[in-house]
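**Student:** Okay, here's the structure, questions in a sec.
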Amino acid sequence: MTAHLLEITDLSAGEVRAVLDLAVRPIEALGRPLDGAGAALLFEKPSLRTRQSMEMAVVQLGGHPVYTRREEIGIDEREPLEDAVRILAGFHRLLAARVFDHTVLERMAAVSDVPVVNMLSDRAHPLQALADALTMEEAFGGLVGRTVAWVGDYNNVARSLGEVCALLGAHLRFACPVGFDADEAERERLDLLGAGSVVFTHRPAEAVGGADAVHADTWVSMGQEDEQASRRQAFEGFTVDEAMMAGTAPGAVFMHCLPAYRGIEVTAEVIDGPRSVVIRQGHNRLPAARAALAFLLGVSVPP
Ligand code: CP
Ligand code: NVA
993 MTAHLLEITD LSAGEVRAVL DLAVRPIEAL GRPLDGAGAA LLFEKPSLRT
1043 RQSMEMAVVQ LGGHPVYTRR EEIGIDEREP LEDAVRILAG FHRLLAARVF
1093 DHTVLERMAA VSDVPVVNML SDRAHPLQAL ADALTMEEAF GGLVGRTVAW
1143 VGDYNNVARS LGEVCALLGA HLRFACPVGF DADEAERERL DLLGAGSVVF
1193 THRPAEAVGG ADAVHADTWV SMGQEDEQAS RRQAFEGFTV DEAMMAGTAP
1243 GAVFMHCLPA YRGIEVTAEV IDGPRSVVIR QGHNRLPAAR AALAFLLGVS
1293 VPP
């Protein structure tokens, strides 16, 4: 069966470890698994980091990326998604998509006989989570027993981050505004994946207290633009600032997948300050993407 990467939980803990190990290997060690083959990158939303890192990852693995906007294909308008995917799978060794509705990715995976990769959906952002794990491992040398805090809504980035951190044995602390958090079932799911512990709270100070990493994201994800005013109101008190960071563990880092809005979800002092690793985190999107693609293409490199 073809392996796809729609969510982090498409990988086992051992497979996440294998991807992160591939990410720190020199490019040449991965060989050229794409060797002249194509990779179709389909976007329904804008992107800086994901598009650029995926295009470069494909090139570094010996392949050729083809960037396509949804409107060029006319998915489910000019032709059914399934017809388009079956055709693309004949041209390419990999398909990747950034979509509004996660079920579009599931429909793609159901008919594609080449790997399908999620480049962000309303549910998940696995490539981001792999880069985040890589960045935290650089900072701490391992996530087992470390505390990872999230301040914001339980969104696509939070969910994938929670999954990867749980699989790597971290303690998870989510501070979400009322009405923007996860339910008990989600806490249990993350527990079962292997998290040291999982806490959901409405108080940011409780989540970041003693944390080794504090993550934030925009309060208004792509597709939620109409909710901007109500979200600003509901998220009051959730701006990550110096006072909040003061409660973290010594050496704690601030992280954000970017793009970031200074003065909204994080102050300029924090994101541009000495604890911030957001640029390194962004740069790590490339080795993480390269490793994820290589893994899906069957590359394994002895230690
Ligand atoms: N973090 C992230 O996915 O950035 P882009 O939206 O620019 O790809
Ligand atoms: N949660 C954000 C992440 C952007 C990279 C969004 O979905 O828009």
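Reminder that position 79 of the sequence shown reads as 1071 in our numbering, one-by-one numbering, no gaps. Ideal Cβ placement from N, Cα and C applies to all residues, glycine included. Keep in mind it's a predicted model, so treat the numbers as computed, not measured.
Output the boundary residues of the beta strand (DSSP E) element that contains L1087.
**Tutor:** Taking the sequence shown and counting its residues from 1, one reaches residue 1087 at position 95. That run of the beta strand (DSSP E) goes H1084 to R1090.
**Student:** Compare the Cα-Cα distances from Q1044 to each of P1295, R1062 and N1276 and report the closest residue.
**Tutor:** To locate residue 1044, count along the sequence shown from 1; it is residue 52. For the residues P1295, R1062 and N1276, the minimum Cα distance to Q1044 belongs to N1276.
**Student:** Return the chain-ordered list of same chain residues with a C-beta closer than 6 Å to the C-beta of W1211, the five sequence neighbours on each side being excluded.
**Tutor:** Numbered from its first residue, the sequence shown carries residue 1211 at position 219. Same-chain partners within the cutoff: R1223, F1227 and E1257.
**Student:** How do the segment 1025-1044 and the segment 1167-1187 stand: do at least 3 beta-carbon pairs fall below 8 Å, yes or no?
**Tutor:** In short, these stretches do not touch, since the Cβ pair count stays below three.
**Student:** Report the partner residues of W1211 according to the DSSP bridge assignment.
**Tutor:** In the sequence shown, the residue the question calls residue 1211 occupies position 219. None; W1211 has no bridge partner.
**Student:** Does the separation of the CB atoms of T994 and S1104 fall below 8 Å?
**Tutor:** Position 2 of the sequence shown holds residue 994. Position 112 of the sequence shown holds residue 1104. Their beta carbons are under 8 Å apart, which means T994 touches S1104 by this criterion.
**Student:** Here's a check: name, in chain order, each residue in its chain whose Cβ is nearer than 8 Å to the Cβ of L1135, leaving out the five neighbours to either side.
**Tutor:** In the sequence shown, the residue the question calls residue 1135 occupies position 143. So the qualifying residues of the chain are A1125, M1128, E1129, C1157, L1160, G1161 and A1162.
**Student:** Going by the beta-carbon positions, is the gap between F1246 and S1268 smaller than 8 Å?
**Tutor:** On the sequence shown, position 254 is the one that residue 1246 refers to. On the sequence shown, position 276 is the one that residue 1268 refers to. For F1246 and S1268, yes; Cβs fall inside 8 Å.
**Student:** Which same chain residues, not among the five before or five after V1291, have their C-beta less than 6 Å away from its C-beta?
**Tutor:** Here residue 1291 refers to the residue found at position 299 of the sequence shown. Once the five neighbours on either side are set aside, the close Cβ partners of V1291 are L1022 and P1025.
**Student:** Is C1249 near the ligand CP, judged by its Cβ being under 7 Å from some heavy atom?
**Tutor:** Sequence index remark: in the sequence shown, residue 1249 carries index 257 (1-based). Checking the Cβ of C1249 against the ligand CP gives yes.
**Student:** To the nearest angstrom, report how far apart R1061 and A1284 are at their CA atoms.
**Tutor:** Against the sequence shown, residue 1061 aligns to sequence position 69. Against the sequence shown, residue 1284 aligns to sequence position 292. Looking at the two C-alpha atoms, the distance is approximately 23 Å.
**Student:** For L1073, which of helix, strand or coil comes out of DSSP?
**Tutor:** The count along the sequence shown starts at 1 and reaches residue 1073 at position 81. In the structure shown, L1073 sits in a helix (DSSP, three-state: H, G or I).
**Student:** At a threshold of 7 Å, does L1126 count as lining the ligand NVA (C-beta to nearest heavy atom)?
**Tutor:** Reading the sequence shown from its first residue, position 134 is the one you call residue 1126. No - the ligand NVA has no heavy atom lying nearer than 7 Å to the Cβ of L1126.
**Student:** Assuming M1100 and L1087 form a contact by the criterion Cβ under 8 Å, report the distance between their Cβ atoms to the nearest whole angstrom.
**Tutor:** As a position in the sequence shown, residue 1100 is number 108, starting the count at 1. As a position in the sequence shown, residue 1087 is number 95, starting the count at 1. Confirmed, Cβ separation roughly 6 Å.
**Student:** Beta strand (DSSP E) containing P1057: first to last residue?
**Tutor:** What you label residue 1057 is simply residue 65 of the sequence shown in a count that begins at 1. Start and end: H1056 to R1061.
**Student:** Regarding M1214 and the ligand ZN, is the C-beta to nearest heavy atom distance less than 7 Å?
**Tutor:** In the structure shown, the ligand ZN is absent; the only ligands present are the ligand CP and the ligand NVA.
**Student:** Going by DSSP in three states, V1143 sits in which element: helix, strand or coil?
**Tutor:** The residue you call residue 1143 lines up with position 151 of the sequence shown. Residue state, collapsed to three classes: strand.
**Student:** Indicate whether at least one CB of chain B lies closer than 8 Å to the CB of K1037.
**Tutor:** Reference to chain B is not applicable here, since this structure consists of a single protein chain.
**Student:** Quick check: the Cα distance between V1190 and P1038, rounded to an integer number of angstroms?
**Tutor:** In the sequence shown, the residue the question calls residue 1190 occupies position 198. In the sequence shown, the residue the question calls residue 1038 occupies position 46. Near 32 Å, if we compare the C-alpha coordinates of P1038 and V1190.
**Student:** Leaving aside the five residues before and after R1179 along the sequence, list all residues of the same chain whose C-beta is less than 7 Å from its C-beta, in chain order.
**Tutor:** Looking up residue 1179 in the sequence shown gives position 187. The residues are V1190 and F1192.
**Student:** Hey, F1230 and V1091 are a contact pair by Cβ (cut 8 Å); roughly how many whole angstroms apart?
**Tutor:** Taking the first residue of the sequence shown as position 1, residue 1230 is located at position 238. Taking the first residue of the sequence shown as position 1, residue 1091 is located at position 99. In fact, because the Cβ distance is near 27 Å, the residues do not count as touching under 8 Å.
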